[in-house]
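Q: Chains A and B, in that order, give the protein sequences. Here the first sequence is numbered in the UniProt record's numbering, starting from 1 and rising by one per residue. Here the second sequence is numbered in the UniProt record's numbering, starting from 1 and rising by one per residue. The C-beta atom is built at its ideal place from N, Cα and C for all residues, glycine as well. Pasting a structure below so you can have a look.
2 protein chains.
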Amino acid sequence: MVTRAGLNPDVVLDAALTLFARRGYHGTALSEIAETLQVRTPSLYNHMGSKHDLLLRIVDRTTAGVLDDFHRVLDPDDPPAEQLRRATRVYAHRHATHRREALVVNRDTSSLSEPAIGEMQARRREHEHALRAVIARGVEAGDFHVESPALASFAIRELCVSIARWFSDDGALTAEEVADQYSGFALRIVGAS
Amino acid sequence: MVTRAGLNPDVVLDAALTLFARRGYHGTALSEIAETLQVRTPSLYNHMGSKHDLLLRIVDRTTAGVLDDFHRVLDPDDPPAEQLRRATRVYAHRHATHRREALVVNRDTSSLSEPAIGEMQARRREHEHALRAVIARGVEAGDFHVESPALASFAIRELCVSIARWFSDDGALTAEEVADQYSGFALRIVGAS
DNA sequence: CCTACCGATCGGTAGG
DNA sequence: CCTACCGATCGGTAGG
Numbered sequence: 001m002v003t004r005a006g007l008n009p010d011v012v013l014d015a016a017l018t019l020f021a022r023r024g025y026h027g028t029a030l031s032e033i034a035e036t037l038q039v040r041t042p043s044l045y046n047h048m049g050s051k052h053d054l055l056l057r058i059v060d061r062t063t064a065g066v067l068d069d070f071h072r073v074l075d076p077d078d079p080p081a082e083q084l085r086r087a088t089r090v091y092a093h094r095h096a097t098h099r100r101e102a103l104v105v106n107r108d109t110s111s112l113s114e115p116a117i118g119e120m121q122a123r124r125r126e127h128e129h130a131l132r133a134v135i136a137r138g139v140e141a142g143d144f145h146v147e148s149p150a151l152a153s154f155a156i157r158e159l160c161v162s163i164a165r166w167f168s169d170d171g172a173l174t175a176e177e178v179a180d181q182y183s184g185f186a187l188r189i190v191g192a193s
Numbered sequence: 001m002v003t004r005a006g007l008n009p010d011v012v013l014d015a016a017l018t019l020f021a022r023r024g025y026h027g028t029a030l031s032e033i034a035e036t037l038q039v040r041t042p043s044l045y046n047h048m049g050s051k052h053d054l055l056l057r058i059v060d061r062t063t064a065g066v067l068d069d070f071h072r073v074l075d076p077d078d079p080p081a082e083q084l085r086r087a088t089r090v091y092a093h094r095h096a097t098h099r100r101e102a103l104v105v106n107r108d109t110s111s112l113s114e115p116a117i118g119e120m121q122a123r124r125r126e127h128e129h130a131l132r133a134v135i136a137r138g139v140e141a142g143d144f145h146v147e148s149p150a151l152a153s154f155a156i157r158e159l160c161v162s163i164a165r166w167f168s169d170d171g172a173l174t175a176e177e178v179a180d181q182y183s184g185f186a187l188r189i190v191g192a193s
């Protein structure tokens with residue numbers, strides 16, 4: 001029995017997500033989203049505010065999720081190496097399981113308008129600083145060995161982000177396996193023993 | 001004495017490069033390029049084929065340069081660790097010194113049309129396989145320790161690519177310093193002793 | 001190098 | 001959910 005689902009905001013957002021990830025925000029026309037959903041373009045406006053609002057919802061949800069993940073897995077009582085492992089594993093895992101979101105955030109956040117663009121960048125900066133602090137504590141404790149925690153933090157974050165560029169559900173490795181391997185890479189980058 | 005330079009193909013390409021890197025290919029109008037150069041849009045056509053051709057020239061030149069770099073610095077007589085260091089250092093260095101090109105290639109190659117898009121992807125694959133082969137030889141020699149050379153190759157390449165996202169000529173580190181640090185990260189990722 | 005102009009398409013609205 | 005339509009802008013051409 002085929003479910004004859006009607007249009008709703010979630011379905012429109014999901015179609016937008018797929019197309020924005022594939023062609024980019026400016027490379028996607030609302031008419032393409034409508035075609036995917038087999039309706040005419042004006043019908044979309046019953047389920048969304050505007051094209052810009054679709055992008056904002058995607059970026060907002062994703063950047064908030066990254067911070068939620070981080071604070072959920074971080075235990076201040078853990079040693080720095082375990083903190084870094086857990087923080088990078090959940091970040092890497094997200095980029096394997098939420099590929100489309102990651103591609104859109106990285107490619108098209110700059111297409112938002114103020115004040116949204118500033119707010120979203122602030123969230124990414126918050127995550128970057130939080131990860132950097134973990135690395136700095138590891139260096140102070142003598143567990144990590146890097147010249148610049150900032151450089152290592154940039155490197156590790158972008159390393160995880162890049163998973164979205166090649167990961168496939170049909171590939172040899174599961175999201176969990178990739179996340180484990182990449183958190184291992186992160187520990188190697190900081191020179192953890 | 002101000003040089004009153006006339007328009008030429010290189011100047012148009014450079015202006016396109018700056019704007020494509022900032023706003024993306026689909027997010028940039030030819031009228032914006034013209035405005036930058038203080039001419040009307042139709043005048044651009046005396047110095048270029050089409051908007052698509054501008055993108056193709058950027059991607060073509062850059063992907064060819066990456067392969068040239070690789071083969072220029074790779075010495076088959078070097079031990080794997082030195083091969084990996086040199087290959088990643090030149091790749092990282094390029095992403096610090098050619099930021100705009102890197103951003104455009106990574107963001108907008110998919111906006112090319114066939115057969116160009118396939119040809120450009122083939123070049124990136126060639127670089128990926130060449131770097132993977134270096135890693136595989138290091139693993140066979142017992143110098144590197146990774147479960148999957150393919151995964152390590154992806155990781156290291158994307159690590160270098162990400163430099164284009166944050167590097168600044170005004171920052172604390174020079175392109176050479178960043179390249180040295182990042183090639184060190186690469187050696188750590190593969191577990192070189 | 002310009003003005004004048006082309007058809008196509010864009011995001012979005014009116015009104016039912 | 002639709003048809004009909006809006007002004008704006010797109011890449012590109014004609015012709016000088």
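Restricting to Cα atoms, I'd like to know which of A:Pro80, A:Leu74 and A:Asp78 is closest to Val90 of chain A.
A: Comparing Cα-Cα distances from Val90 of chain A to each of A:Pro80, A:Leu74 and A:Asp78, the minimum goes to A:Leu74.
Q: Pair every Cβ in the segment 76–92 of chain A with every Cβ in the segment 154–174 of chain A, then say whether three or more of these pairs are closer than 8 Å.
A: At 8 Å Cβ cutoff, the stretches touch.
Q: Is it right to say Asn106 of chain A is buried, meaning 16 or more other beta carbons lie within 10 angstroms of its own, or is it exposed?
A: The residue in question, Asn106 of chain A, is buried, as its Cβ has 16 or more Cβ neighbours within 10 Å.
Q: Taking any Cβ of chain A, which residues in the segment 179–191 of chain B have a Cβ under 8 Å from it, in chain order?
A: Residues Gln181, Tyr182, Phe185, Arg188, Ile189 and Gly191.
Q: Between Val59 of chain A and Thr109 of chain A, how many whole angstroms is the CB-CB distance? I'm expecting something under 8 Å.
A: Contact holds; Cβ gap of about 5 Å.
Q: Beta carbons nearer than 7 Å to chain A: which residues of the segment 125–158 of chain B have them?
A: If the cut-off is 7 Å between Cβ atoms, the segment 125–158 of chain B has Glu147, Leu151, Phe154, Ala155 and Glu158 near chain A.
Q: Over the uninterrupted alpha helix (DSSP H) stretch that includes Ser31 of chain B, give me the two end residues.
A: Residues Leu30 to Thr36.
Q: Indicate whether at least one CB of chain B lies closer than 8 Å to the CB of Arg99 of chain A.
A: By this cut-off, Arg99 of chain A is not an interface position.
Q: For Ala64 of chain B, tell me which candidate among B:Ala179, B:Tyr182, B:Arg123 and B:Glu35 has the shortest Cα-Cα distance.
A: Among B:Ala179, B:Tyr182, B:Arg123 and B:Glu35, the Cα nearest to that of Ala64 of chain B belongs to B:Arg123.
Q: Can you list, in chain order, the residues of its chain with a C-beta nearer than 8 Å to that of Leu17 of chain A? Leave out the 5 residues immediately preceding and following it.
A: Closer than 8 Å at Cβ, skipping near neighbours: Ile58, Arg100, Glu101 and Val104.
Q: Return helix, strand or coil for Pro79 of chain B, following the three-state DSSP convention.
A: Three-state DSSP puts Pro79 of chain B in coil, outside helix and strand.
Q: Going by C-alpha to C-alpha distance, which of A:Gly191, A:Ala130, A:Val178 and A:Ala141 sits closest to Val66 of chain A?
A: Among A:Gly191, A:Ala130, A:Val178 and A:Ala141, the Cα nearest to that of Val66 of chain A is on A:Ala130.
Q: Quick check: is the beta carbon of Glu176 of chain B nearer than 8 Å to any beta carbon in chain A?
A: It does not: the Cβ of Glu176 of chain B has no partner Cβ on chain A nearer than 8 Å.
Q: Please report whether the beta-carbon of Ser193 of chain B lies at a distance below 8 Å from any beta-carbon of chain A.
A: Closer than 8 Å: no.
Q: Quick one: using the 10 Å Cβ neighbour count with 16 as the cut-off for buried, is Ser168 of chain B buried or exposed?
A: Exposed, because fewer than 16 other Cβ atoms sit within 10 Å of the Cβ of Ser168 of chain B.
Q: Would you call Arg41 of chain A buried or exposed, if buried means 16 or more other Cβ atoms sit within 10 Å of its Cβ?
A: Checking the displayed sequence, the identity of residue 41 of chain A turns out to be Thr instead of Arg. Flag for Thr41 of chain A reads exposed.
Q: Residues of the UniProt domain "HTH tetR-type" (6–66) of chain A in Cβ contact with chain B at a cutoff of 9 Å, in chain order, please.
A: Result list: Arg22, Arg23, Gly24, Tyr25, His26, Gly27 and Thr28.
Q: Going by Cα to Cα distance, which pick from B:Thr36, B:His47 and B:Gln38 is closest to Asn8 of chain B?
A: Out of B:Thr36, B:His47 and B:Gln38, B:His47 has the C-alpha closest to the C-alpha of Asn8 of chain B.
Q: Measuring only the C-alpha atoms, how far is Gln121 of chain B from Leu54 of chain A?
A: Near 30 Å, if we compare the C-alpha coordinates of Leu54 of chain A and Gln121 of chain B.
Q: Does DSSP put Ser193 of chain B in a helix, a strand or coil?
A: Here Ser193 of chain B sits in coil by DSSP.
Q: Note down, in chain order, each residue of its chain lying with its Cβ closer than 7 Å to the Cβ of Asp180 of chain B, except the 5 sequence neighbours on either side.
A: Around Asp180 of chain B: Arg89.
Q: So with CB distances below 8 Å, who are the chain A contacts of Arg123 of chain B?
A: Under the 8 Å cutoff, chain A gives no residues; its nearest Cβ is about 16 Å from Arg123 of chain B.
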